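**Q**
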Amino acid sequence: MDESCKPSITVPILGKYFPIVKELRTYLSEILNPLSHGDYDLSQAIHRFEPRENDCPLYCALLNTSYVALTVEDRTQFQVFPAMVNMREVLDKAQERIFRSKNSQNILTAGYRRARITTISEESRLTLFLRLLRMEIEGSKAWVVLGPEWDMLLQRIGVDAMLHLLTETHIFISLPNDCLCQMTGEPIIHTKPAGDSTEQIRNEQSTVSKILSKRRFPFAENDQEQRPAKRQKTKMHAKAKANNPAATANTNPKLRSATEIPLIRARLFYSRPRLVPQTNQIIVGLPAKHILNRLSPSYQKQPKVMPGDYVDPDPKQQEERARHLAKYVFPRQYGLSSPFVDLNSKKHAFILPDYADRELEIKTKGSCKTPKRLKGVLPLLEAMIWRHGKCGYKPLRDKVCPTKLKSTGSKDLDTTIILEIMSEQSSLLRSQADFSAIDMSVDSEGNSIMPFGQTQAERHAKSKPRFAEFACPVIEVYRYIALMTKVVIPKAFWGSETNRKLILTYVEQFIQCRRFETLTLHHIIQRFSTSECDWLTPPGNAARQQSRVSVSDALKRREVLEEFLFWYFDSFVSSLLKTNFYITESSAFRNRVLYFRQDDWKALCSPLIERLTTGTFVKMSESEAKEVLRQRKLGFSFVRLLPKDTGVRPIVNLRRRKTVQKGAYSSEQSINQILQAAFQILSYEKRKQPDRLGASVFSPDDIYQKLTKFKSRLPRNPDGKLPHLYFVKVDVQACFDTIEQTKLLEILRELISEDVYMTQRYGQIGMETGRIKRTYVKKAVPEGKYDHPHFLKYAAELAGVLRHTIFVDQVVYPYSQKREILNLLEEHITENIVKIGNDFYRQTVGIPQGSILSALLCCFFYGDLEKRYTNFKDDLQNVLLRLIDDYLFITTSHSRAKQFLDMMNKGHPEYGCFISKDKTLTNFDFDAEISNVTEPKQQTFPWCGYTISMEDLSVTVDYSRYNNTNLRDTLTVDRGRRPGAAFTYKMLWLARAKSHPIYSDPSLNTEHVVYLNIYQNFLLCAMKMHGYLRDWGIGAHKNAAFIHNTVHKMVTISYTSIRNKTSRKLHTKSNDTSFRIQKPAVTWLGTRAFHAVLNQKPQRYGSLLRSLGRELSRPHNKRFKRQFHSLVKEGQAGMSQIAF
21 MDESCKPSIT VPILGKYFPI VKELRTYLSE ILNPLSHGDY DLSQAIHRFE
71 PRENDCPLYC ALLNTSYVAL TVEDRTQFQV FPAMVNMREV LDKAQERIFR
121 SKNSQNILTA GYRRARITTI SEESRLTLFL RLLRMEIEGS KAWVVLGPEW
171 DMLLQRIGVD AMLHLLTETH IFISLPNDCL CQMTGEPIIH TKPAGDSTEQ
221 IRNEQSTVSK ILSKRRFPFA ENDQEQRPAK RQKTKMHAKA KANNPAATAN
271 TNPKLRSATE IPLIRARLFY SRPRLVPQTN QIIVGLPAKH ILNRLSPSYQ
321 KQPKVMPGDY VDPDPKQQEE RARHLAKYVF PRQYGLSSPF VDLNSKKHAF
371 ILPDYADREL EIKTKGSCKT PKRLKGVLPL LEAMIWRHGK CGYKPLRDKV
421 CPTKLKSTGS KDLDTTIILE IMSEQSSLLR SQADFSAIDM SVDSEGNSIM
471 PFGQTQAERH AKSKPRFAEF ACPVIEVYRY IALMTKVVIP KAFWGSETNR
521 KLILTYVEQF IQCRRFETLT LHHIIQRFST SECDWLTPPG NAARQQSRVS
571 VSDALKRREV LEEFLFWYFD SFVSSLLKTN FYITESSAFR NRVLYFRQDD
621 WKALCSPLIE RLTTGTFVKM SESEAKEVLR QRKLGFSFVR LLPKDTGVRP
671 IVNLRRRKTV QKGAYSSEQS INQILQAAFQ ILSYEKRKQP DRLGASVFSP
721 DDIYQKLTKF KSRLPRNPDG KLPHLYFVKV DVQACFDTIE QTKLLEILRE
771 LISEDVYMTQ RYGQIGMETG RIKRTYVKKA VPEGKYDHPH FLKYAAELAG
821 VLRHTIFVDQ VVYPYSQKRE ILNLLEEHIT ENIVKIGNDF YRQTVGIPQG
871 SILSALLCCF FYGDLEKRYT NFKDDLQNVL LRLIDDYLFI TTSHSRAKQF
921 LDMMNKGHPE YGCFISKDKT LTNFDFDAEI SNVTEPKQQT FPWCGYTISM
971 EDLSVTVDYS RYNNTNLRDT LTVDRGRRPG AAFTYKMLWL ARAKSHPIYS
1021 DPSLNTEHVV YLNIYQNFLL CAMKMHGYLR DWGIGAHKNA AFIHNTVHKM
1071 VTISYTSIRN KTSRKLHTKS NDTSFRIQKP AVTWLGTRAF HAVLNQKPQR
1121 YGSLLRSLGR ELSRPHNKRF KRQFHSLVKE GQAGMSQIAF
């Protein structure tokens, strides 16, 4: 280990987790007391641990390169006494001390459990614990602290100091390439960073000071006095409450602020129609179990009452119902669970619980008095209950959001018409679809590839109507919610018309949010005037007549208002949306959300589901389903339909968790989680037996390596050009749904080579574009010492490849038997059970889609098929690539290209493999059936999101997939706690997205193509940045400096990422004489790209454009203008059809 290799990035990462990080040598010099009473020389007692000339190198490296991290500073001094025990005994004592402490989450005790025997002898004490030093195979770290260097350290610092290091600190050992490995303490992979770094906080404070610079107050001597007195007192009150232990003694849970409370939109998606109890009628309005429907059902038809028979409702009953509703709206005031209280548990770490049903919690708590602050709100809640009971949800919905299932003749669409308009042959799970089906290929990300060739383009122009035509416009959905708000919610809750319109504006934003976007409560409450809401004032005339609101009263008013607004959005608005609309995304519109009326969606999907269940799935009887599910380990999954360009695609949800009961404990596991062990074992066999994969490629790395090797072995013409190349692209028809199950199981039985596998588990922590990135890694290895080295050795091997990474071992490794894995795979393949509606179905054809195993199973299956045609794969003049089901064959022989195409056209019935001729594409004429041929002037060949030059194999990005979409639909705008930091992070990630060597390696691409890829990536980043800023809603003029700084960071990180990734590839190649990417050239291209895109919006980006223009006009940039003149035109022409 190189002692001179001092971590420069990983140590600051530790600083985000721990406030104190010191070198081991420095820390020991601070905690050891020089006035020791041992047999040592007092003048040298503190320096006895210092390295000496005759010490082993491992001891010197341990002191000089290891780090100690602490959560709290400890000033305890330890006496240095001679150690009368060895390191093994000290380790046992450390483990017992950790178990006695409240928090036993320590790497040294991972895999242990505390002994329940109270009286045991000293001799048998050690046998009650699993000894890590004897579990070397199981990934233990304890053997590390039993090395000679640790024994030497023990003799020089004493037992007390060593126990302190092992039990109360976190020790990290340095590895090559600026990496660290955690040895003791709580695994940081399971914890979140303690807070932002000092530098980030300082940057935020400087930004805030600039914003508030216009609000200086006269005679202010410091920053605290520059604020209004009320703001000062409010902040001081909050600090005093946070720092006062007595104030929080009764409320142990941490309180959340409004910035930490998002409105959970994930629950809105894919909801099923809610039915009226004991009927098949779809509920319109709020669900039956909603608190308002519990108190006064609106879905029940009220009998007509004659004027003489009308009886006034019981006031006590009305008041009781209002108090019950108040516990839902204001749970914090009654001491009930609420989003404002952090439960401090892993279950609720990332998502708030659903508060739709509180009946059990209210019953458990018992009766309680109504808080004095809420007594004035009860009449408003009574009015809300009455208005809800009288509201006609269904007629109002039909008025503002009419049904879309009307044809031009104003007749309802029947089943035949729906199947004709909505179905898509390739989208239905069938064994072999008709060859006349019209569809487009998809790339590795599932994005549609634009058609090429006149025939295919004409067919695409005549494609069926989009499924989204039956979706409700967002404006209609908003009008319905606004109308329900006006009818049900009393106006007094808003206080004024301005407040009501403000909240409805946020309702419209909430509805318009894309798939992964949301709003926070802090964002919603901005600009809301609490002083106009009379119901927030304390009861009594004195409080109403006071002209100035006290600090405590202002905090209380905001607290009550936050509770009401959260209930309004989370329980009222969200419930209305989920009950009345089926909400989903689509592959055609990326992240844009579509709203279908529940009755319309049911009518559209019923014939499609019926058609699906008559081919791929077979219905099971109720008794058979119960018996199979009782014995089945994987349970069942659900099917939903995802709208596409011309139809729908069935999606099987295998990530949905189900509760698994294990004795007194229960856990939630999805089918994909249960299959994790099988996935890791198949991944191990993929690495061990790559020949079984055939032509499979899984990532850009695989494509890059195969294309680079193919190009390097091709002969060159006298002028240095490659010979004429012939391209063939074919697509397997419904590959997942045509796989022969028996044949696949035979392949898997031959594939799995070991009897027992062990799954190694560890975590990696690194920094990516300014954010900490945590990665959980699993890796299956055969059982045995030879195949499983100690983790520190394995981490040192990983450090040779990775940089600036902290490795954390999870110690406990599960084992899997070959027989168990084969049984699990057979159950998953042949007994895939899905639930559609209220019935269960068994899949009889193909393999389950949506499984984590689907891609691997498909690759092994077709890899076995490709063994029969090794002449296409092994010939040095050919290269065969297959990304799941998309084949690409490149050869120098015209006859060989025809042979491959003819072989694929015949199909392989024993494997169920047939191709879709409408998706086949070549660069040469074959026969009348293959009509998709590249244009004569076309220079590139499209395949799976790439375009490959047919002359020199240079690779560029296929940006034509963005032509039919709005680029803004691909974005996710973060409006959370730190929107500026989120914007910067997303933009930096975009800048790095196309930095793979497949686009920038000069051995594969020409210099012109390398810089063209860089320029077009910057163009796309600029378009997306404009869309992000527009949806974010910040002023570009006021924030020109911030945006310009972000652009500069994007250009810098793009060049750095390209240089690092490309240099590592070129470092392995000897005698490389190709050009090197120049940073000034990349800087000019990035600046030019942002200037070209933003110049189309000159009024919005005037200040930024002037800054970018000054950079481009500098004298040293004139040469780049001449050098890249044609490249700039080519790059912009290739992306001119993208809408942003």
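So for the sequence shown, this note's numbering puts the first residue at 21; every next one is plus one.
Note that beta-carbon positions come from the ideal geometry of N, C-alpha and C, so glycine has one too.
Keep in mind the model is a prediction, meaning the values are calculated, not measured.
Three Cβ pairs or more, each shorter than 8 Å: is that satisfied between the segment 865-881 and the segment 742-759?
**A** yes
**Q** Contact between the segment 1012-1026 and the segment 985-998 is defined here as three or more beta-carbon pairs at a separation below 8 Å; is this criterion met?
**A** no
**Q** How far does the beta strand (DSSP E) with Phe-920 in it reach, from first residue to last?
**A** Translated into positions along the sequence shown, residue 920 becomes position 900. Per DSSP, Phe-920 lies in no beta strand (DSSP E) segment; the continuous alpha helix (DSSP H) that holds it begins and ends at 914-926.
**Q** Pick from Ser-1074, Val-1029, Gly-409, Lys-392: whose alpha carbon is nearest that of Tyr-319?
**A** Within the sequence shown, residue 319 is the residue found at index 299, counting from 1. Cα-wise, what sits closest to Tyr-319 is Gly-409.
**Q** Does DSSP classify His-824 as helix, strand or coil?
**A** As a first step, residue 824 is located in the sequence shown; it is residue number 804 there, counting from the start. Here His-824 sits in coil by DSSP.
**Q** Which residues does DSSP list as the beta-bridge partners of Val-672?
**A** As a working mapping, residue 672 is identified with position 652 in the sequence shown. Note: Val-672 sits in a beta bridge opposite Val-659.
**Q** Which of the three DSSP states, helix, strand or coil, is assigned to His-1016?
**A** Residue numbering aside, residue 1016 sits at position 996 when the sequence shown is read from its first letter. Here His-1016 sits in coil by DSSP.
**Q** Among the candidates Val-1113, Thr-204, Ser-1015, whose CA atom is the shortest distance from the CA of Tyr-724?
**A** Locating residue 724 in the sequence shown gives position 704, where the first residue counts as 1. Per the Cα distances, Ser-1015.
**Q** Taking Phe-589 and Phe-658 to be in contact with their CB atoms under 8 Å, please state how far apart those CB atoms are, rounded to whole angstroms.
**A** The residue given as residue 589 occupies position 569 in the sequence shown. The residue given as residue 658 occupies position 638 in the sequence shown. With 8 Å as the limit, Phe-589 and Phe-658 do not qualify as a contact, their Cβ atoms being about 27 Å apart.
**Q** Leaving out the 5 sequence neighbours to the left and right, which residues in its chain are closer than 7 Å to Gly-159 when beta-carbon positions are compared?
**A** Locating residue 159 in the sequence shown gives position 139, counting from the first residue. Any answer about Gly-159 is weak, because its pLDDT of 37 lies below 50 and its placement is not dependable; what the coordinates show is given next. Here the set comprises Gln-780, Phe-811, Asp-829, Val-831, Tyr-833.
**Q** Quick check on the burial criterion: 16 or more other C-beta atoms within 10 angstroms. Buried or exposed for Met-1145?
**A** Here residue 1145 refers to the residue found at position 1125 of the sequence shown. Before going on, a small fix: residue 1145 reads as His here, not Met. Counting Cβ neighbours within 10 Å, His-1145 comes out exposed, since fewer than 16 surround it.
**Q** Among Thr-30, Asp-554, Ser-567, Arg-534, whose alpha-carbon lies nearest the alpha-carbon of Phe-609?
**A** In the sequence shown, counting from the first residue as 1, residue 609 sits at position 589. Phe-609 has its Cα closest to that of Arg-534, out of Thr-30, Asp-554, Ser-567, Arg-534.
**Q** Between the C-alpha atoms of Asn-300 and Gln-338, what's the straight-line distance to the nearest angstrom?
**A** Taking the first residue of the sequence shown as 1, we reach residue 300 at position 280. Taking the first residue of the sequence shown as 1, we reach residue 338 at position 318. Going by the C-alpha atoms only, they are around 31 Å apart.
**Q** Which residue wins for smallest C-alpha separation from Asn-53, given the options Gln-97, Leu-78, Tyr-87?
**A** In the sequence shown, the residue the question calls residue 53 occupies position 33. Looking at the Cα atoms, Gln-97 is the closest of the given residues.
**Q** Would you tell me roughly how many angstroms separate the C-alpha atoms of Leu-295 and Leu-356, rounded to the nearest one?
**A** As a first step, residue 295 must be located in the sequence shown, where it is residue number 275. As a first step, residue 356 must be located in the sequence shown, where it is residue number 336. Approximately 30 Å, taken between the alpha carbons.
**Q** Run the CB neighbour count on Leu-62, radius 10 Å, all protein chains shown included, and call it buried at 16 or more, exposed below.
**A** For the purposes of this step, residue 62 is identified with residue 42 of the sequence shown, where counting begins at 1. Unreliable positioning characterises Leu-62 in this predicted model, as indicated by a pLDDT of 45, which lies under 50. A coordinate reading is not provided.
**Q** What number of angstroms, rounded off, separates the C-alpha of Arg-45 from the C-alpha of Leu-82?
**A** Start at 1 with the first residue of the sequence shown, and residue 45 comes out as number 25. Start at 1 with the first residue of the sequence shown, and residue 82 comes out as number 62. Taking the straight line joining both Cα atoms gives about 9 Å.
**Q** Could you name the residues of the same chain whose beta carbon sits closer than 7 Å to that of Arg-577, not counting the 5 residues immediately before and after it, in chain order?
**A** Mapped onto the sequence shown, residue 577 falls at position 557. If we look at Arg-577 and ignore the five residues flanking it on each side, its Cβ neighbours are Thr-550, Leu-556.
**Q** Contact between the segment 626-643 and the segment 502-518 is defined here as three or more beta-carbon pairs at a separation below 8 Å; is this criterion met?
**A** no
**Q** Do you know how far the Cα of Lys-1138 is from the Cα of Pro-213?
**A** By 1-based counting over the sequence shown, the position of residue 213 is 193. By 1-based counting over the sequence shown, the position of residue 1138 is 1118. Each residue's Cα considered, the two are about 46 Å apart.
**Q** Helix, strand or coil for Ala-89, going by three-state DSSP, please let me know.
**A** Residue mapping note: residue 89 aligns to position 69 of the sequence shown, counting from 1. Strand, per DSSP.
**Q** Could you tell me which residues DSSP puts in a beta bridge with Phe-289?
**A** As a working mapping, residue 289 is identified with position 269 in the sequence shown. The partner list for Phe-289 (beta bridge, DSSP) reads Ile-603.
**Q** Since Tyr-615 sits in a beta bridge, which residues does DSSP pair it with?
**A** Within the sequence shown, residue 615 is the residue found at index 595, counting from 1. Note: Tyr-615 sits in a beta bridge opposite Cys-492, Ile-603.
**Q** Would Gly-205 and Asn-126 be called neighbours here (beta carbons separated by less than 8 Å)?
**A** Stepping through the sequence shown from its first residue, residue 205 is reached at position 185. Stepping through the sequence shown from its first residue, residue 126 is reached at position 106. In this structure, Asn-126 lies closer than 8 Å to Gly-205 by Cβ.
**Q** Return the chain-ordered ranges of every beta strand (DSSP E) run that is complete within the segment 27-51 and spans a minimum of 3 residues.
**A** 40-43
**Q** Rounding to the nearest angstrom, what Cα-Cα distance links Phe-101 and Gly-178 in this structure?
**A** The residue labelled residue 101 in the question sits at position 81 within the sequence shown. The residue labelled residue 178 in the question sits at position 158 within the sequence shown. Approximately 5 Å, taken between the alpha carbons.
**Q** Assign Pro-317 to buried or exposed, taking buried as 16 or more other Cβ atoms, counted over all protein chains shown, within 10 Å of its Cβ.
**A** By one-based count along the sequence shown, residue 317 stands at place 297. With 16 or more Cβ atoms within 10 Å of its Cβ, Pro-317 is classed as buried.
**Q** Can you tell me the Cβ-Cβ gap for Gln-837 and Val-899, rounded? I've got them flagged as a contact below 8 Å.
**A** Here the question's residue 837 lines up with position 817 in the sequence shown. Here the question's residue 899 lines up with position 879 in the sequence shown. Contact doesn't hold; Cβ gap of about 39 Å is too wide.
**Q** Quick check: what's the CA-CA separation for Leu-896 versus Phe-909?
**A** Within the sequence shown, residue 896 is the residue found at index 876, counting from 1. Within the sequence shown, residue 909 is the residue found at index 889, counting from 1. Answer to the nearest angstrom: the Cα atoms are 13 Å apart.
**Q** When the Cα of Gln-709 is compared with those of Leu-503, Asn-692, Glu-770, which residue comes out closest?
**A** Residue mapping note: residue 709 aligns to position 689 of the sequence shown, counting from 1. Among Leu-503, Asn-692, Glu-770, the Cα nearest to that of Gln-709 belongs to Glu-770.
**Q** Could you check the C-alpha separation between His-848 and Glu-630 for me, to the nearest Å?
**A** What you label residue 848 is simply residue 828 of the sequence shown in a count that begins at 1. What you label residue 630 is simply residue 610 of the sequence shown in a count that begins at 1. Their backbone Cα atoms lie some 24 Å apart in a straight line.
**Q** Quick one: Cα of Tyr-1048 to Cα of Pro-802, how far?
**A** Looking up residue 1048 in the sequence shown gives position 1028. Looking up residue 802 in the sequence shown gives position 782. Between Tyr-1048 and Pro-802, the C-alpha separation is close to 48 Å.
**Q** What are the boundary residues of the alpha helix (DSSP H) that includes Met-778?
**A** As a first step, residue 778 is located in the sequence shown; it is residue number 758 there, counting from the start. Taken as a continuous stretch (DSSP letters only), Met-778 belongs to no alpha helix (DSSP H), being part of the beta strand (DSSP E) at 776-788.
**Q** Alpha helix (DSSP H) containing His-1111: first to last residue?
**A** For this step, residue 1111 is matched to residue 1091 along the sequence shown. From DSSP, the alpha helix (DSSP H) with His-1111 extends over 1099-1114.
**Q** Grouping DSSP H, G and I as helix and E and B as strand, with all else coil, what is Asp-19?
**A** The structure shown has nothing for residue 19, since the chain only spans 21 to 1160.
**Q** Alpha helix (DSSP H) containing Ser-703: first to last residue?
**A** Residue mapping note: residue 703 aligns to position 683 of the sequence shown, counting from 1. Note, Ser-703: alpha helix (DSSP H), 696-708.
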